[in-house]
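Undergrad: Have a look at this one.
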Amino acid sequence: MSYEPPIHWNDYEDIAMALYEKFGDDFNESKIYRIRFTELLDWVLSLPNFAGTREQANEGHLEQIQAAWVYEWRDNQD
């Protein structure tokens, strides 16, 4: 078993990859951008080895995560 280092709020790419692994193609670009921040926040907090807290979250983090998730989704569409 490999050791997974903890993920923090500013690890946008790591969070996006984990969300893509979790939801796959269930969420396309337009769906990702329509996710409510409250929902996105809960999903990020539930990721294994996520070390951030709800109190540390802000809108900027969530926007960056959405954008990174869209890029991750696009990368997997070839």
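Residue 19 in the working numbering is what sits at position 24 of the sequence shown, and the numbering runs on without skipping anything.
We put the CB at the ideal spot given by N, CA and C, even for glycine.
1. For D9, count the other beta carbons within 10 Å of its own beta carbon; 16 or more makes it buried, fewer makes it exposed. Which is it?
2. Near E(-1), which residues of its chain fall below 8 Å by C-beta distance, leaving aside the five closest residues on each side in sequence?
3. When you compare only the Cα positions, how much space is there between E24 and I2?
4. If we count the other Cβ atoms within 10 Å of its Cβ and call it buried at 16 or more, is Y7 buried or exposed?
5. If you measure between the beta carbons of R29 and L40, is that distance less than 8 Å?
6. What number of angstroms, rounded off, separates the C-alpha of A52 from the C-alpha of V65?
7. Quick one: what's I2 bridged to in DSSP?
8. Using 8 Å for Cβ pairs, my map puts A63 next to A13. What's the rounded Cβ distance?
TA: Looking at the atomic coordinates:
1. Counted from its first residue, the sequence shown places residue 9 at position 14. Buried is the call here.
2. In the sequence shown, the residue the question calls residue -1 occupies position 4. Around E(-1): P43 and N44.
3. Here residue 24 refers to the residue found at position 29 of the sequence shown. Here residue 2 refers to the residue found at position 7 of the sequence shown. Using only the alpha carbons, I get a separation of about 23 Å.
4. In the sequence shown, counting from the first residue as 1, residue 7 sits at position 12. Answer is buried; the Cβ neighbour count reaches 16.
5. One-based indexing of the sequence shown puts residue 29 at position 34. One-based indexing of the sequence shown puts residue 40 at position 45. Result no, Cβ atoms of R29 and L40 do not sit closer than 8 Å.
6. Working through the sequence shown from its first residue, we reach residue 52 at position 57. Working through the sequence shown from its first residue, we reach residue 65 at position 70. Computed Cα separation, rounded: 19 Å.
7. Numbered from its first residue, the sequence shown carries residue 2 at position 7. Its beta-bridge partners are F45.
8. For the purposes of this step, residue 63 is identified with residue 68 of the sequence shown, where counting begins at 1. For the purposes of this step, residue 13 is identified with residue 18 of the sequence shown, where counting begins at 1. The pair is not a contact, with the Cβ atoms about 11 Å apart (cut-off 8 Å).
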